[in-house]
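Down below is the structure, laid out as structure tokens.
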Amino acid sequence: MNYQEALEFIEKSHKFGMRLGLENTFKLLELLGNPQDKLKFVHVAGTNGKGSVCSFISNTLKEQGYKVGLYTSPYLETFTERIRLNGNNIPEEDVARISTIMKEKIEQMASEGHAYPTEFEIETAMAFYYYYEQQVDYVVLEVGLGGRFDATNVIKSPLASVIVSLSLDHIGILGDTLGKIAYEKAGIIKEDSIAVVYKQKQEAEEVIKGVCKEKNTKYIEANFEHLVIKKYDINSQVFDCTILGEKFEDMEISLIGEHQVNNAVLALTVIKVLRDERKVEISYDAIRKALLNTRWPGRIEKIKDKPTFIIDGAHNEDGARSLSKALEKHFSGKKMTLLIGMLKDKDIDGVLEILMDKFDKVITTTPESDRAMSCEELKEKIEKYVPNVTAIANIDNAVTYALDNASEDEIIISAGSLYMIGHVRKIFK
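Shown next as structure tokens:
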């Protein structure tokens, strides 16, 4: 099959929905020769910051000269973003070729009475197969949803299990308390291993520590006590920190927002663990270059000047809080417009409560997803906070309207669904 046919084959499996459990992924990978058992992983779960943390880690390993796979989800603009090798997307011809191989194995599974794999199970198996073929040195592997029953959790013993900042998300699937969510995320922690964890709220911290104790796994917490942000503007941030007794001074990142400095500290903690505990050779120079050169699309990303146009994937309370802090820090006193679209299964009211007092006017739109809230329904919710709200269903038209009605010194923020901001990013590109 060609690339387009491969995408249709993968997307067709969407009708089988989302299924938490590992049996199917194990079976498909067994038929593919268990490529995941021949790879070295850093496994990353959590709610906010997974992509940024994964990117900091993978770029550092790449800067050191290693061949590094980076598997993330969802994609913003093109499917091939999800499976990257040394910063490059998987070639379309490899997607087509591997999909052809997998189709045959999936038909074999079905004939033996196994369930048809879901879209995410197919994509995850494809990533493992591709990375094994390419003989990568390391794979930085982002969890899709949860952890315990996520398709990525078929790996045996990662170099480190990483848990980023946790908040209430996917509560219908993962649980309605932080403790329950922490238990699902901590499902990636393996026996006799190392877990590197963002400083969590007490309820979540106790659960993760309990899982580590039960599995005889070393618990290492990212420490923000000695973190000093020395400089910040819309282009970069410079900070000092101390990690497991080692000082890192004048570290510079190009990602915006205080939360990204915290994500960098977590990534540095993982890198120090890889270097000191796992004996992976990583130089200070590689770390500095990688941090500065890391970009993560769709996270407080400036895509236009005059007017300044920023996109951000804030779709839950923690994400909204991080965006709110960044807006206060960088754009206090400026006139700001929000272009927002959200999915129904997100904490919409929580996000609105945090963000709405920052904006003079709001434009609502409808993301291209069967889980989307309509722009009219979202408008009704927002009118409680901001009187000037316009609903425009088509995203292209909403962007045009935002630009046409903004002055040069105005700030336009497009936030909410990643599906929507991916579409917005594509318009500008």
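In the working numbering, the protein residues as written are 41 to 469.
C-beta atoms are modelled at their ideal positions from N, C-alpha and C, and glycine is treated no differently.
Anticipated Cβ contact below 8 Å, residue i with residue j, distance rounded
i                : j                : result
valine 179       : phenylalanine 81 : 5 Å
leucine 378      : alanine 455      : 7 Å
valine 108       : valine 176       : 6 Å
isoleucine 343   : alanine 366      : Rounded, the Cβ-Cβ distance is 15 Å, inconsistent with contact.
isoleucine 422   : threonine 404    : 7 Å
serine 92        : leucine 295      : 6 Å
phenylalanine 96 : threonine 334    : 5 Å
valine 247       : glycine 219      : 5 Å
threonine 118    : isoleucine 311   : Their Cβ separation, rounded to whole angstroms, is 29 Å, which puts threonine 118 and isoleucine 311 out of contact at 8 Å.
Beta-carbon gap between residue i and residue j smaller than 7 Å
i                 : j              : result
lysine 249        : tyrosine 238   : no
leucine 116       : glycine 285    : no
isoleucine 228    : glycine 186    : no
serine 87         : serine 207     : Before going on, a small fix: residue 87 reads as threonine here, not serine. Yes; because the gap between Cβ atoms is below 7 Å, this pair is in contact.
glycine 462       : serine 362     : no
isoleucine 453    : alanine 446    : no
glycine 89        : asparagine 303 : yes
serine 409        : tyrosine 459   : yes
serine 53         : threonine 164  : no
valine 464        : isoleucine 322 : no
valine 301        : valine 202     : no
tyrosine 171      : leucine 79     : yes
leucine 110       : arginine 122   : no
glutamate 231     : lysine 255     : yes
valine 439        : valine 402     : no
lysine 143        : leucine 71     : no
alanine 200       : valine 313     : yes
asparagine 42     : alanine 155    : no
aspartate 400     : lysine 375     : yes
phenylalanine 168 : proline 75     : yes
serine 364        : leucine 392    : no
Boundaries of the alpha helix (DSSP H) in which residue i is found, first to last residue
i                 : result
valine 301        : 298 to 316
serine 364        : 357 to 371
phenylalanine 160 : 159 to 173
lysine 463        : Checking the sequence, you will find histidine at residue 463 rather than lysine. From DSSP, the alpha helix (DSSP H) with histidine 463 extends over 458 to 468.
serine 323        : That residue, serine 323, is in no alpha helix (DSSP H); it is neither H nor E in DSSP.
glutamate 103     : 90 to 103
glutamine 148     : 132 to 151
aspartate 390     : Checking the sequence shown, residue 390 turns out to be glycine, not aspartate. That run of the alpha helix (DSSP H) goes 388 to 395.
glutamate 63      : 63 to 71
leucine 443       : 435 to 444
isoleucine 380    : Note, isoleucine 380: premise wrong, no alpha helix (DSSP H); beta strand (DSSP E) at 376 to 381.
lysine 421        : 415 to 422
With 16 other Cβ atoms within 10 Å as the buried cut-off, status of residue i
i                 : result
proline 198       : buried
valine 268        : exposed
alanine 235       : buried
isoleucine 141    : exposed
glycine 212       : At glycine 212 the pLDDT is 47, less than 50, meaning the model places this residue with poor confidence; the figure from the coordinates comes in the next sentence. It is exposed - the Cβ of glycine 212 has fewer than 16 other Cβ atoms within 10 Å.
serine 139        : buried
alanine 262       : buried
glutamine 240     : buried
alanine 412       : buried
glutamate 161     : buried
alanine 150       : exposed
lysine 102        : buried
glutamine 44      : exposed
phenylalanine 349 : buried
aspartate 444     : exposed
glutamate 51      : exposed
lysine 386        : buried
glycine 153       : exposed
aspartate 345     : exposed
aspartate 134     : buried
asparagine 193    : buried
tyrosine 324      : exposed
lysine 225        : buried
isoleucine 467    : exposed
Limits of the beta strand (DSSP E) - the one that residue i falls within
i                 : result
valine 474        : No answer is possible for residue 474: the residues shown for the chain start at 41 and end at 469.
alanine 155       : Per DSSP, alanine 155 belongs to no beta strand (DSSP E) and is neither H nor E.
aspartate 472     : Lying outside 41 to 469, the shown extent of the chain, residue 472 is not represented and no answer is given.
glutamate 254     : First-last for glutamate 254: 242 to 254, but that is the alpha helix (DSSP H), not the beta strand (DSSP E).
alanine 222       : Premise fails: alanine 222 lies in the alpha helix (DSSP H), 218 to 225, not in any beta strand (DSSP E).
leucine 125       : 123 to 125
phenylalanine 279 : 277 to 283
glutamate 261     : 258 to 261
glutamate 341     : 341 to 344
leucine 110       : 108 to 111
phenylalanine 399 : Note, phenylalanine 399: premise wrong, no beta strand (DSSP E); not H, not E.
glutamate 182     : 178 to 182
Check whether the region 306 to 314 touches the region 368 to 380, counting contact only when three or more Cβ pairs, one atom from each stretch, lie closer than 8 Å. no
Flag this pair as touching only if the region 352 to 364 and the region 431 to 442 have three or more C-beta atom pairs under 8 Å; answer yes or no. no
At least 3 beta-carbon pairs within less than 8 Å: the region 328 to 337 vs the region 290 to 306: A contact is defined here as three or more CB-CB pairs under 8 Å, and the region 328 to 337 meets this definition with respect to the region 290 to 306.
Would the region 376 to 392 count as touching the region 414 to 425 if we require 3 or more Cβ pairs under 8 Å? yes
Is it true that the region 268 to 283 meets the region 62 to 78, where meeting means three or more beta-carbon pairs spaced less than 8 Å apart? no
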